[in-house]
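Enquirer: Residue numbers (the working numbering): 73 to 514. C-beta: ideal position from N, C-alpha, C; glycine also. All values derive from a computational prediction rather than experimental measurement.
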Ligand code: DLL
């Protein structure tokens with residue numbers, strides 16, 4: 073880990089790697105990539121087997137574009153190697169383990185050496201700083217602690233930045249509100265839907281969410297839209313920025329958004345090499361600006377080097393702005409496995425969020441129900457959405473109609489809209505479930 077720093081562009085001192093040129097960054101990527109593929113091949117049987125089967129050898133990686141010759145890694149690979157088969161170091165060198173919840177199958181297990189943990193903390197610190205957080209600030213960390221990477225990952229990063237961390241974790245919303253009022257934090261770290269839950273609960277208690285000490289929010293772990301950003305910023309009088317990451321690649325802090333531009337997260341390319349592929353034909357590597365599935369290769373990880381990991385997250389790569397050498401990722405429209413296919417039309421919950429939040433009568437609290445009514449072959453989508461507290465029941469019918477029409481125009485799907493009472497839908501405690509698939513299992 074380099075301690076070298078450069079002169080600040082704002083009131084913050086940045087890591088040297090944040091401001092290097094693209095050429096210098098790519099040279100660094102190539103050296104680190106060559107090391108990583110050789111390291112993975114030598115130490116992890118799965119990589120040796122996969123490279124051999126694909127007829128590639130680490131020495132074939134002479135330039136960055138050669139990465140495309142190497143096989144992908146998937147969640148399924150991690151599951152098959154459960155629990156520790158992907159680890160590239162002996163267990164006594166693994167300082168920490170995290171795991172995914174495993175709700176959709178066997179848990180995926182990831183490990184970190186002491187150096188991995190230090191790099192991770194450095195990148196989360198970098199992300200938080202980019203989003204406006206500064207040393208000495210009080211940071212209320214409402215990401216869940218435990219095997220999920222959100223809580224401890226964000227915690228270590230805030231500590232590394234020199235903040236005072238309040239490790240409240242997710243849930244116990246009443247208590248969160250008390251501590252926000254009593255401890256007066258400057259920044260909050262949470263999923264966007266959980267921050268919404270907190271703000272909503274404040275209003276119920278007669279507290280104006282815009283009146284708290286909070287100035288910054290660093291939000292991630294689930295898809296969210298510009299409309300949701302606007303909603304939260306206005307309601308809470310804060311600046312809200314994105315933070316992205318996934319356990320298999322590290323955890324939060326793979327990419328982070330700059331508060332001065334708020335134009336998408338910069339991928340920290342000194343540690344991760346991103347690619348975009350065609351989700352339906354993975355042999356096709358797409359160019360910058362083209363939408364597809366995000367793929368990552370780690371460049372510095374020791375315990376769990378990851379080669380061409382298919383994230384299933386759909387986005388595109390954009391040129392760097394606030395950190396010019398590091399490309400940005402567009403907002404994640406959704407995950408390829410969260411896509412609803414309704415009568416041939418592809419649909420993501422984020423599209424509904426975007427449309428619904430432009431209709432003043434409707435709140436950001438919604439869920440999507442998929443059913444197949446008795447005796448029918450067609451699937452039915454029902455958007456259940458709460459009206460805003462201030463809106464009279466009479467205005468609800470026309471708002472429902474507008475939402476239905478807008479979905480038809482912008483997404484192409486016919487659906488039913490059911491506007492429900494404020495507070496009647498389930499609130500988020502972390503990652504919110506938006507889709508309720510009640511169709512009979514095939
Ligand atoms: O959610 C890591 C994280 C924690 C990121 C806290 C940011 C803040 P996983 O549980 O492995 O890790 O889930 C990773 O969550 O593949 C995306 O689908 C989604 N995701 C994460 N960040 C964002 C984001 C953590 N900023 C999966 N926007 C990823 C949209 C996100 N989706």
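Ignore the nearest five residues each way along the sequence and tell me which others in residue 492's own chain have a CB closer than 6 Å to its CB.
Expert: Numbered from its first residue, the chain shown carries residue 492 at position 420. So the qualifying residues of the chain are 456, 458.
Enquirer: Excluding the five sequence neighbours on either side, which residues of its own chain have a C-beta within less than 6 Å of the C-beta of residue 504, listed in chain order?
Expert: Here residue 504 is taken as the residue at index 432 of the chain shown, counted from 1. Non-local beta-carbon contacts of residue 504 in its own chain, meaning distances under 6 Å to residues more than five positions away in sequence, involve 265 in chain order.
Enquirer: Is there at least one non-hydrogen atom of the ligand DLL closer than 7 Å to the beta-carbon of residue 389?
Expert: For the purposes of this step, residue 389 is taken as the residue at position 317 of the chain shown. Not under cutoff, so the answer is no.
Enquirer: Just mark residue 482 as buried or exposed, buried being the case when its beta carbon has 16 or more other beta carbons within 10 Å.
Expert: The residue you call residue 482 lines up with position 410 of the chain shown. Per the 10 Å Cβ criterion, exposed.
Enquirer: With DSSP as the reference, please indicate the residues paired to residue 170 in a beta bridge.
Expert: Here residue 170 refers to the residue found at position 98 when the chain shown is read from its first residue. Looking at the DSSP output, residue 170 sits in a beta bridge with 182.
Enquirer: Is DSSP giving residue 549 helix, strand or coil here?
Expert: There is simply no residue 549 to check, as the chain begins at 73 and stops at 514 in what is shown.
Enquirer: Kindly indicate which residue of 158, 122, 159, 326 has the alpha-carbon position closest to the one of residue 521.
Expert: Only positions 73 to 514 of the chain appear in the structure, and residue 521 is not among them; the question remains open.
Enquirer: The alpha helix (DSSP H) with residue 327 in it runs from where to where?
Expert: The residue given as residue 327 occupies position 255 in the chain shown. No alpha helix (DSSP H) contains residue 327, which is instead part of the beta strand (DSSP E) from 323 to 329.
Enquirer: Measuring only the C-alpha atoms, how far is residue 305 from residue 312?
Expert: Here residue 305 is taken as the residue at index 233 of the chain shown, counted from 1. Here residue 312 is taken as the residue at index 240 of the chain shown, counted from 1. Computed Cα separation, rounded: 6 Å.
Enquirer: Assess contact between the region 198 to 209 and the region 293 to 303, defined as three or more Cβ pairs (one per stretch) separated by less than 8 Å. Is contact present?
Expert: Segments in contact, no.
Enquirer: Bridge partners for residue 386 per DSSP, in chain order?
Expert: For the purposes of this step, residue 386 is taken as the residue at position 314 of the chain shown. According to DSSP, residue 386 bridges with 365, 406.
Enquirer: Within 10 angstroms of its Cβ, does residue 316 collect 16 or more other Cβ (buried), or is it exposed?
Expert: Locating residue 316 in the chain shown gives position 244, counting from the first residue. By the 10 Å Cβ count, residue 316 comes out buried.
Enquirer: Grab the span of the beta strand (DSSP E) containing residue 456 for me, first residue to last.
Expert: Residue numbering aside, residue 456 sits at position 384 when the chain shown is read from its first letter. Here the beta strand (DSSP E) through residue 456 covers 452 to 459.
Enquirer: Would you identify the three-state DSSP class for residue 487, choosing helix, strand or coil?
Expert: One-based indexing of the chain shown puts residue 487 at position 415. Coil.
Enquirer: Tell me which residue opens and which closes the alpha helix (DSSP H) that residue 255 is part of.
Expert: Along the chain shown, read from residue 1 onward, the residue named residue 255 stands at position 183. Per DSSP, residue 255 belongs to the alpha helix (DSSP H) from 245 to 255.
Enquirer: What is the DSSP secondary structure of residue 503, reduced to helix, strand or coil?
Expert: Your numbering for residue 503 matches position 431 in the chain shown. Residue 503 falls in the coil class under three-state DSSP.
Enquirer: Which word fits residue 284, buried or exposed, when buried means at least 16 other C-beta atoms lie within 10 angstroms of its C-beta?
Expert: Locating residue 284 in the chain shown gives position 212, where the first residue counts as 1. Burial call: buried.
Enquirer: Answer with buried or exposed for residue 308, where buried requires no fewer than 16 other C-beta atoms within 10 angstroms of its C-beta.
Expert: The sequence position of residue 308 within the chain shown is 236, counting from 1. So residue 308 counts as buried.
Enquirer: Does the beta-carbon distance from residue 166 to residue 145 come in below 8 Å?
Expert: What you label residue 166 is simply residue 94 of the chain shown in a count that begins at 1. What you label residue 145 is simply residue 73 of the chain shown in a count that begins at 1. Not in contact: residue 166 and residue 145 (Cβ atoms no closer than 8 Å).
Enquirer: Pick out whichever of 337, 217, 400 has its Cα sitting closest to the Cα of residue 171.
Expert: Residue numbering aside, residue 171 sits at position 99 when the chain shown is read from its first letter. Nearest option by C-alpha distance: 217.
Enquirer: So what does DSSP say about residue 211, is it helix, strand or coil?
Expert: Locating residue 211 in the chain shown gives position 139, where the first residue counts as 1. Correct three-state label for residue 211: strand.
Enquirer: Start and end of the alpha helix (DSSP H) containing residue 272?
Expert: Counting from one through the chain shown, the residue named residue 272 turns up at place 200. First-last of the alpha helix (DSSP H) with residue 272: 264 to 276.
Enquirer: Considering Cα atoms alone, identify which of 133, 148, 437 is closest to residue 141.
Expert: By 1-based counting over the chain shown, the position of residue 141 is 69. Ranking the options by Cα distance to residue 141, first place goes to 133.
Enquirer: Whole angstroms is fine: what's the gap from residue 431's alpha carbon to residue 233's?
Expert: Taking the chain shown and counting its residues from 1, one reaches residue 431 at position 359. Taking the chain shown and counting its residues from 1, one reaches residue 233 at position 161. Distance between the alpha carbons of residue 431 and residue 233 is about 39 Å.
Enquirer: Could you pull the DSSP bridge partners for residue 381 from this structure?
Expert: To locate residue 381, count along the chain shown from 1; it is residue 309. Partner(s): 145, 368.
Enquirer: Do the region 147 to 164 and the region 291 to 299 touch if we need at least three Cβ pairs shorter than 8 Å?
Expert: In short, these stretches do not touch, since the Cβ pair count stays below three.
Enquirer: Say yes only if the C-beta of residue 435 is nearer than 7 Å to one or more non-hydrogen atoms of the ligand DLL, and no if none qualify.
Expert: Counting from 1 along the chain shown, the entry for residue 435 is found at position 363. No, the beta carbon of residue 435 sits no closer than 7 Å to any heavy atom of the ligand DLL.
Enquirer: Using only alpha-carbon positions, find the residue among 112, 95, 226 that is nearest to residue 314.
Expert: Locating residue 314 in the chain shown gives position 242, where the first residue counts as 1. The residue with the shortest Cα to Cα distance from residue 314 is 226.
Enquirer: What do you get for residue 68, buried or exposed, if any count of 16 or more other CB atoms within 10 angstroms of its CB means buried?
Expert: Because residue 68 is not part of the residues shown, which for the chain are 73 to 514, the question remains open.
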